[in-house]
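Here is the structure we will look at.
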RNA sequence: GUGGCCGUAGCUCAGGUGGUUAGAGUGCCAGGUCGUGGCCCUGGAGGUCGGGGGUUCAAGUCCCCUCGGUCACCCCA
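Numbering (this note's numbering), first residue to last: 24 to 457.
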């Protein structure tokens with residue numbers, strides 16, 4: 024237990040504060056995703072950060088996310104509640120509850136919570152951006168969704184990542200495959216230990232992506248999902264692959280990729296960064312869930328979506344040297360900084376005028392020395408300093424200094440606001456600093 | 001949940017084999033230049049050495065516990 028003074032007043036294990044200027048990079052990333060999603064015809068959906076526990080139970084009783092990583096609790100009304108561990112279930116729940124017209128194409132940006140031991144790229148609260156498209160069975164939408172994510176990564180500047188795809192089969196083929204796999208694995212259960220044996224019984228598909236070399240060697244000879252696909256699933260998968268190829272999106276079929284949620288059917292995919300050295304190299308993933316809505320009591324409705332992990336994407340960006348904080352941070356750039364040598368209160372009114380005109384402006388507080396004000400102006404990164412000085416004031420003017428070039432003019436007080444507003448609206452003429 | 005490594009100013013780190021008032025760089029504040037920033041010089045503030053217990057004449061240094069960080073397993077974004 025954290026003792027009150029030492030540990031209580033800090034972010035809980037596995038969580039982080041994101042401060043300026045880094046927070047500006049987050050804002051820029053989410054803004055880029057929002058633009059892209061809107062461009063593809065997706066609207067924003069905002070769902071609660073917690074749901075009735077049953078909503079997430081549908082993610083899979085045999086998955087770690089549900090079995091041991093849920094932040095669940097009873098609220099004061101005795102309801103079983105859980106913090107959202109993943110993005111798809113709440114969106115499907117919202118779809119079932121509101122029955123919007125199909126196709127329903129939505130995007131989200133939201134934190135997820137999983138009670139895990141943290142390490143690099145794995146946190147108890149992590150942020151995902153994602154999309155869900157419900158009501159469309161057409162493989163074209165699988166391709167569209169994957170292309171959206173793929174283009175988002177490349178738009179950030181990422182290059183060193185791979186797209187892995189697989190098909191999980193459907194309600195007809197999956198049980199047949201499951202049985203075949205179980206029969207294949209069971210004879211080895213004793214040799215590979217109780218954990219393995221348990222998994223073979225609970226969820227044999229997830230044995231496939233084990234990192235244990237012994238298990239991997241075994242799995243290499245195991246029956247493959249693709250060989251058990253029904254005609255429809257096989258055709259769907261082939262059309263998805265053809266669609267990706269037609270768009271020039273490189274991918275690898277990874278027949279042993281199963282992913283961690285039970286609701287997936289047919290198309291599943293994952294983006295892995297080669298720039299991340301750790302074990303946490305999945306920067307995004309998703310798939311089709313054609314029976315999920317029905318399992319939640321809604322009409323049979325196919326769906327597909329993905330979630331992309333913001334923390335991991337930013338780690339990958341750092342590793343590839345792209346989308347750096349200084350280059351992209353939103354909201355950190357000031358147009359003007361006031362250096363006040365009068366101290367008569369006129370700076371307050373001028374600041375309000377500037378801001379009302381859309382000029383981002385700031386000042387130093389607390390009657391700082393002139394020198395300190397100049398240093399603050401410099402640090403602020405503002406393009407201009409506006410000088411309230413005695414000489415200028417005598418002529419009903421202010422000083423305007425370009426902090427980049429050092430050039431300084433005297434400007435009539437009445438003109439300073441429109442002038443800065445103009446400069447802002449017609450910013451930096453390339454190559455013509457003077 | 002299991003295991004390895006790590007924890008000294010806001011930040012990055014020095015502090016052989018225990019030994020007086022715990023240091024540097026950077027950042028912050030002030031001054032040199034009470035109207036001109038970035039460079040330079042001077043000064044200042046800032047630490048219960050993560051926390052607790054133990055060994056010892058003496059612990060930042062050794063031992064135990066605990067909290068936190070990090071990495072791996074597991075799992076995933």
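For glycine and all other residues, C-beta sits at the position ideal for the given N, C-alpha and C.
Legend entry - Residue environment, residue 252, which counts as buried when at least 16 other CB atoms sit within 10 Å: Stepping through the first chain from its first residue, residue 252 is reached at position 229. The residue in question, residue 252, is buried, as its Cβ has 16 or more Cβ neighbours within 10 Å.
Legend entry - Presumed contact (8 Å Cβ cut-off) between residue 309 and residue 119, rounded CB distance: Translated into positions along the first chain, residue 309 becomes position 286. Translated into positions along the first chain, residue 119 becomes position 96. About 19 Å separates the two Cβ atoms, so there is no contact after all.
Legend entry - Any non-hydrogen atom of the ligand SAM closer than 7 Å to residue 128 Cβ: For the structure depicted, the ligand SAM is absent and the ligand set is empty, with no information on it obtainable.
Inset, instruction - Report the partner residues of residue 127 according to the DSSP bridge assignment. - result: In the first chain, the residue the question calls residue 127 occupies position 104. DSSP, once it has assigned bridges, lists 157 as partnering residue 127.
Legend entry - Opposing strand residues paired with residue 386 [DSSP bridges]: Taking the first chain and counting its residues from 1, one reaches residue 386 at position 363. Looking at the DSSP assignment, residue 386 forms a beta bridge with 361.
Inset, instruction - Confirm, please, whether the CB-CB distance from residue 294 to residue 176 is below 8 Å. - result: Locating residue 176 in the first chain gives position 153, counting from the first residue. Locating residue 294 in the first chain gives position 271, counting from the first residue. Closer than 8 Å, so yes.
Legend entry - Local conformation of residue 136 per DSSP, three classes: What you label residue 136 is simply residue 113 of the first chain in a count that begins at 1. It is a strand residue.
Inset, instruction - May I have the straight-line CA-CA distance separating residue 192 from residue 404, to the nearest angstrom? - result: Counted from its first residue, the first chain places residue 192 at position 169. Counted from its first residue, the first chain places residue 404 at position 381. One C-alpha to the other measures close to 55 Å.
Inset, instruction - Pull up the distance between the alpha-carbon of residue 362 and that of residue 339, whole angstroms please. - result: On the first chain, residue 362 is found 339 positions in, with the first residue counted as 1. On the first chain, residue 339 is found 316 positions in, with the first residue counted as 1. Cα-Cα distance, rounded: 41 Å.
Inset, instruction - Measure the C-alpha to C-alpha separation of residue 35 and residue 96 and round it to an integer number of angstroms. - result: Numbered from 1 along the first chain, position 12 holds the residue referred to as residue 35. Numbered from 1 along the first chain, position 73 holds the residue referred to as residue 96. In a straight line, the C-alpha of residue 35 is about 17 Å away from that of residue 96.
Inset, instruction - Mind checking which residues open and close the beta strand (DSSP E) that includes residue 142? - result: As a first step, residue 142 is located in the first chain; it is residue number 119 there, counting from the start. Residue 142 -> no beta strand (DSSP E), and no H or E assigned at all.
Inset, instruction - Just the C-alpha distance for residue 327 and residue 165, rounded to the nearest angstrom, thanks. - result: Taking the first residue of the first chain as position 1, residue 327 is located at position 304. Taking the first residue of the first chain as position 1, residue 165 is located at position 142. Each residue's Cα considered, the two are about 7 Å apart.
Legend entry - As assigned by DSSP and simplified to three states, the class of residue 436: The residue given as residue 436 occupies position 413 in the first chain. Correct three-state label for residue 436: helix.
Legend entry - Close Cβ partners of residue 86 (< 7 Å) along its chain, the five nearest in sequence each way excluded: One-based indexing of the first chain puts residue 86 at position 63. 283, 284, 285, listed in sequence order.
Legend entry - C-beta contact flag for residue 144 and residue 334 at 8 Å: For the purposes of this step, residue 144 is taken as the residue at position 121 of the first chain. For the purposes of this step, residue 334 is taken as the residue at position 311 of the first chain. Against a cut-off of 8 Å, the Cβ pair of residue 334 and residue 144 comes out as a contact.
Inset, instruction - Report yes if the CB atom of residue 331 is closer than 8 Å to the CB atom of residue 307, and no otherwise. - result: Position 308 of the first chain, counting from 1, holds the residue named residue 331. Position 284 of the first chain, counting from 1, holds the residue named residue 307. Yes, these two residues count as a Cβ contact at 8 Å.
Inset, instruction - Tell whether a beta-carbon distance below 8 Å holds between residue 160 and residue 325. - result: On the first chain, position 137 is the one that residue 160 refers to. On the first chain, position 302 is the one that residue 325 refers to. Cβ distance < 8 Å, so residue 160 and residue 325 count as in contact.
Inset, instruction - With residue 306 as the anchor, note down where its beta strand (DSSP E) starts and where it stops. - result: The sequence position of residue 306 within the first chain is 283, counting from 1. Residue 306 -> beta strand (DSSP E) spans 305–311.
Legend entry - Spatially closest choice to residue 186 from 336, 274, 438, 348, by CA coordinates: Here residue 186 is taken as the residue at index 163 of the first chain, counted from 1. Comparing Cα positions, the closest option is 274.
Inset, instruction - Indicate whether residue 12 and residue 81 have their beta-carbon atoms separated by less than 8 Å. - result: In the structure as shown, the chain begins at 24 and stops at 457. Residue 12 is therefore absent and cannot be evaluated.
Legend entry - residue 438 to residue 371 span [Cα, whole Å]: The residue labelled residue 438 in the question sits at position 415 within the first chain. The residue labelled residue 371 in the question sits at position 348 within the first chain. So the alpha carbons of these two residues sit roughly 17 Å apart.
Inset, instruction - Output the boundary residues of the beta strand (DSSP E) element that contains residue 291. - result: The count along the first chain starts at 1 and reaches residue 291 at position 268. Run containing residue 291: 288–296, per the beta strand (DSSP E) assignment.
Legend entry - At least three beta-carbon pairs within less than 8 Å, the region 134–141 to the region 178–185: no
Legend entry - CA nearest to the CA of residue 56, picked from 247, 204, 171, 417: As a working note, residue 56 is residue 33 in the first chain. Measuring from the Cα of residue 56, the nearest candidate turns out to be 171.
Inset, instruction - Can you grab the Cα-Cα spacing for the pair residue 201 / residue 229, in whole Å? - result: Taking the first residue of the first chain as position 1, residue 201 is located at position 178. Taking the first residue of the first chain as position 1, residue 229 is located at position 206. Each residue's alpha carbon lies about 10 Å from the other.
Inset, instruction - Count the other CB atoms, across all protein chains shown, that sit within 10 Å of the CB of residue 42; report buried if there are 16 or more and exposed otherwise. - result: Here the question's residue 42 lines up with position 19 in the first chain. Exposed.
Legend entry - Cβ distance (whole Å) where residue 208 is taken to contact residue 227 below 8 Å: Numbered from 1 along the first chain, position 185 holds the residue referred to as residue 208. Numbered from 1 along the first chain, position 204 holds the residue referred to as residue 227. Their Cβ separation, rounded to whole angstroms, is 6 Å, which keeps residue 208 and residue 227 in contact under 8 Å.
Legend entry - Burial state of residue 79, where buried means 16 or more other Cβ atoms lie within 10 Å: Translated into the one-based positions of the first chain, residue 79 becomes position 56. The residue in question, residue 79, is buried, as its Cβ has 16 or more Cβ neighbours within 10 Å.
Inset, instruction - Under the assumption that residue 104 contacts residue 149 (Cβ atoms under 8 Å), give the Cβ distance between them as a whole number of angstroms. - result: By one-based count along the first chain, residue 104 stands at place 81. By one-based count along the first chain, residue 149 stands at place 126. That belief does not hold up - the Cβ atoms of residue 104 and residue 149 are roughly 20 Å apart, past 8 Å.
Inset, instruction - Could you work out which residue in 40, 428, 350 is closest to residue 51 when comparing CA atoms only? - result: For the purposes of this step, residue 51 is taken as residue 28 along the first chain, with counting starting at 1. Among 40, 428, 350, the Cα nearest to that of residue 51 belongs to 350.
Inset, instruction - Just the C-alpha distance for residue 376 and residue 357, rounded to the nearest angstrom, thanks. - result: Within the first chain, residue 376 is the residue found at index 353, counting from 1. Within the first chain, residue 357 is the residue found at index 334, counting from 1. So the alpha carbons of these two residues sit roughly 15 Å apart.
Legend entry - 6 Å Cβ shell around residue 342 - same chain, five flanking residues per side excluded: The sequence position of residue 342 within the first chain is 319, counting from 1. Excluding positions up to five away in sequence, the list reads 298.
Inset, instruction - Hey, could you find the ends of the beta strand (DSSP E) residue 95 is sitting in? - result: Translated into the one-based positions of the first chain, residue 95 becomes position 72. Where residue 95 is concerned, the enclosing beta strand (DSSP E) stretches over 95–97.
Legend entry - Simplified DSSP assignment, three categories, for residue 404: What you label residue 404 is simply residue 381 of the first chain in a count that begins at 1. Looking at residue 404 - three-state DSSP - the assignment turns out to be coil, as it is neither helix nor strand.
Legend entry - Reduced DSSP category for residue 392 - H, G, I as helix; E, B as strand; rest coil: Working through the first chain from its first residue, we reach residue 392 at position 369. Correct three-state label for residue 392: coil.
Legend entry - According to DSSP, residues forming a beta bridge with residue 105: Residue numbering aside, residue 105 sits at position 82 when the first chain is read from its first letter. For residue 105, which the question treats as bridged, DSSP gives the partners 74, 95.
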